[in-house]
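Participant:
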Amino acid sequence: MQTHRKFEDTMQFGIFTVGDVTIDPTDGIAPTENERIKAILTIAQKVEEVGLDVFAMGEHHNPPFIPSSPTTMLGYLAAKTDRIILSTSTTLVTTNDPVKIAEDYAMLQHVSDGRMDLMMGRGNTGPVYPWFGKDIRDGIPLAIENYALLQRLWHEDVVDWEGKFRTPLQGFTSTPRPLDGVPPFVWHGSIRSPEIAEQAAFYGDGFFANNIFWPKEHYMQLIGYYRQRFEHYGHGSADQAIVGLGGQAFMRTNSQDAINEFRPYFDNAPVYGHGPSLEDFTEQTPLTVGSPQQVIDRYASMRDHFGDYQRQLFLVDHAGLPLKVVLEQLDILGEEVVPVLRKELAKNRPAQVPDAPTHQSLLEAARAAKPAEAAKVAN
Amino acid sequence: MQKRRISVVSAGLSQPSSTRLLADRLTDATVRRLTESGVEVEVELVELRDVAKDVTNNLLTGFPSPRLSSVIEAVSTADGLIAVTPIFTTSYSGLFKSFIDVLDPQALGDLPVLIGATGGTERHSLALDYAMRPLFNYLHAVVVPTAVYAASGDWGAAENGSSSSLPDRIERAAGELAMLVEGSERSSLVRDPFALPAGFSPVGGFGAQ
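Protein chains in written order, with the numbering used here: chain A, 20 to 398; chain B, 956 to 1164.
1. Out of curiosity, what's the CA-to-CA distance linking Lys362/A and Ala319/A?
2. Going along chain B, which residues have a C-beta under 9 Å from His337/A?
3. Here's the rule: buried if 16 or more other CB atoms are within 10 angstroms of the residue's CB, otherwise exposed. What is Arg1146/B?
4. What residue does the beta strand (DSSP E) around Arg134/A start on, and which one ends it?
5. Over what stretch of residues does the beta strand (DSSP E) that includes His207/A continue unbroken?
6. Which same chain residues end up closer than 6 Å to Gln267/A when comparing Cβ atoms and leaving out the 5 residues on each side of it in sequence?
7. Check each residue of the stretch 250-276 of chain A: if its Cβ is closer than 9 Å to any Cβ of chain B, include it; give the result in chain order.
8. Contact defined as beta carbons within less than 8 Å: I believe Gly142/A pairs with Thr114/A. What is the distance between those atoms, to the nearest angstrom?
9. Straight-line CA distance for Phe184/A to Glu214/A?
10. Give the DSSP-derived three-state secondary structure of Val1010/B in the structure shown.
11. Measure how close the beta-carbons of Val308/A and Ile278/A come, nearest whole angstrom, since I'm counting them as under 8 Å.
12. Enumerate, from N- to C-terminal direction, the unbroken beta strand (DSSP E) stretches of 3 or more residues contained entirely within the stretch 1022-1091 of chain B.
13. Hey, does Phe1054/B have any beta-carbon neighbour from chain A nearer than 8 Å?
14. Is there at least one Cβ from chain A nearer than 8 Å to Pro1157/B's Cβ?
15. Does DSSP put Arg102/A in a helix, a strand or coil?
16. Using DSSP bridges, identify the partner residues of Met76/A.
17. Whole beta strand (DSSP E) runs in the stretch 314-345 of chain A with 3 or more residues, listed along the chain?
18. Taking the CB atoms as reference points, tell me whether Ala978/B and Val963/B lie closer together than 8 Å.
19. Name the residue from Tyr95/A, Pro311/A, Gly145/A and Val112/A whose alpha carbon lies nearest to the alpha carbon of Pro160/A.
20. Distance, Cα to Cα, Gln259/A vs Val372/A?
21. Suppose you measure from the CA of Ala1150/B to the CA of Glu122/A; what does that come to, to the nearest Å?
22. At least one CB of chain B closer than 8 Å to the CB of Asp299/A: is that the case?
23. For Leu1000/B, which of helix, strand or coil comes out of DSSP?
24. What residues in the stretch 1042-1067 of chain B have a beta carbon less than 8 Å from any beta carbon of chain A?
25. Can Leu1003/B and Ala966/B be called in contact, C-beta distance under 8 Å?
26. Straight-line CA distance for Leu342/A to Asp1034/B?
27. Assuming the contact rule is C-beta atoms closer than 8 Å, Thr985/B and Ala1129/B should be a hit. Round their C-beta distance to whole Å, please.
28. Residue range of the alpha helix (DSSP H) that Ser478/A falls in?
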C-alpha cells in the first residue's frame, strides 16, 4: 500500500484530438492537411511542455480528418517528448486487422519506452467499414472477436487461432513481443453500448466515457454499469475500476471574453453547430466556457458523479480554432487549471482507488504476481 | 382499479389547431371508454410545436434537452399513443417525422397507437394508410385498424347515421384503442438500458476463445 502518494501519480490529465480539418469561422480559412498535421504535432509537444500527462489522437479514414496513420505520428512524438503518455482516441478495433494493431502498438511501446497506451473504439462512419472489407452491422462482433485475438497475440508467444472475420493463424508470433513482457494498457471507449462496457469489465481494462457531446447523466449510467461488472468479474471493487473521462473547455481570464471568443466556433462547430445555444449546451453537457476557476469548479465535481477516476482528457483543438489559441488554452490548462485539479481530486481519495495505470505500474504488478504464479506451479 | 397511461402527440402548427381539436376528441372518446370499463386513465398531451426547437437540436446534437427528454420518456413508456398530424404535401408533417426520428427505434415496440390526421380536403385521407401506418408498423407499434382523417368539411357535416361520419369514426377508433390499452402493461414495465443481447459473450463466439 502506498503511503506517500504523489498528486501526479494519482490522476493523469491530458488532451485528446479528433484530428479534423475545419474552416476557422472567423476568417473562413481552413488549414491545409500539412498545416493541420504539423499543428497536431506541435500541440502534442506543448502538452509535455505545460506539464500535462497524456496526448491522445483519433484514427479516421475519411475527410475532413487527417489521422489515418496514428502510430506514424505517435512514433514521431515518442522521439520528440520524454515524459507524456501517447495514446489513441480511438483505435479502430473493427476495421483494423488485430494482427496489425498488435504489431504497430507493441512497436510503439518499444520506441516510446512504454510511454503509451491505447483506447479501442468501433468507429461510427458506415462507409469506412466496407472500404476495409467489413460491415458496420458487425461492429460489436468485430470489436469482440478482434480484441480477443489482440489479447492473445500480446499474451501468448505463439498463437493458433480461428475466427469469423479474418484468416486463421497457425503458429503465428506477433513481433515485437510487448516491452518487458507487459502488453500496453487498454481503454475501451463507447458512447452507448453496454456490450463494450461489459467487455472492458471482463478483461479488467479501462473504460473511457467521451462525456463531451451528451449530458453527463447518460455517461454516469454507463460508467456505473462498467464499475459494477468490473467487480462482478473479480478484478476488484467497483471503485477500483479504471475510469477515464473526456471534457471540453474554453478559457480566458474574464469569462465573458471566453464566451465572446468561443461563440463563433461553437455556433459553427461540425458536431453541434447551428443547434442549441452555447448557454444551453454548456448547461446540459460538460462543455465549460469561462474563467479557469469555472473550469476547475466544473471538473473538480466530476468525481461526485462518476466516482474517483484515473484519467481526464480535454478536447481543445477542434472546430477550426487556430493553433495559437489552442496553445494558449494549453498554457492555461497547464498553469492554472490542472495543478489545482490534481490537488482537489487527490483530496479524500480513498486509498484503495488505484492510481492511473502506466507501463511502470503494470510492470510492478506483473512482477508482484509472478512469485505467486511460480508458487502455484511448485505446489 | 387498474391504471393506464396514454400519450397524445399533436403535430398541428397553428393555434388554435384543428389537429389538436381532433386529438382532443380522440382522447376524450378513448378515456370515456376506458373509464366505463373501470380503468383509471392518465393522459399526457404534447403539442410538438412547443418542443419544435428541442426536436431540431436533438437531430443536430444527438441528445434531447431535459424538456424533450421527458416527452420522449412519456411517449416511450405509455400504454397507448394517440398520434395526430396535419397532412402536408402528401404525408405527415416534417415536424411530426422529426419527432419520430429522435425516438429510439425500439422505443415504440408493442405500443398501441391510434393514428389521426387533418387536411383541407378528403383527397389526402389515404396518407394515413400509405405513410402514417407503415411508419408505426416499422417501429413495431400496434396500429388500430381504424385511422381517423378529418377534412375541413367534416367539422360541419351532420351525424347522418351512416358509419362514416367523423363522430362515428372517432368512436370506432377509440373503442379499438381502449381495448388494447386496457390489456397493455407497458407503463409498469421495468426497462433495462443495459440488457445485453441473448447469447452475448465478452470474448466472442466462434473460435475466438
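C-beta: ideal position from N, C-alpha, C; glycine also. Bear in mind the structure is a predicted one, so any value in this text is a computation, not a measurement.
Facilitator: Put simply:
1. 10 Å
2. Those within 9 Å of His337/A in chain B number zero; the least Cβ separation is about 15 Å.
3. exposed
4. No beta strand (DSSP E) holds Arg134/A; DSSP gives it neither H nor E.
5. Val205 to Gly208
6. Ile231, Leu306 and Leu334
7. Tyr252
8. Sure, about 6 Å apart at Cβ, within 8 Å.
9. Across the structure, Phe184/A and Glu214/A are spaced so that their CA atoms are roughly 18 Å apart.
10. Reduced to three states, the DSSP call for Val1010/B is helix.
11. 5 Å
12. 1035-1043 and 1067-1074
13. Phe1054/B does not count as touching chain A.
14. yes
15. coil
16. Thr36/A and Thr107/A
17. 330-334
18. Closer than 8 Å, so yes.
19. Val112/A
20. 5 Å
21. 35 Å
22. yes
23. strand
24. Correct list: empty, as no residue qualifies.
25. yes
26. 54 Å
27. 4 Å
28. Any property of residue 478/A remains undetermined from this structure, which presents chain A solely from 20 to 398.
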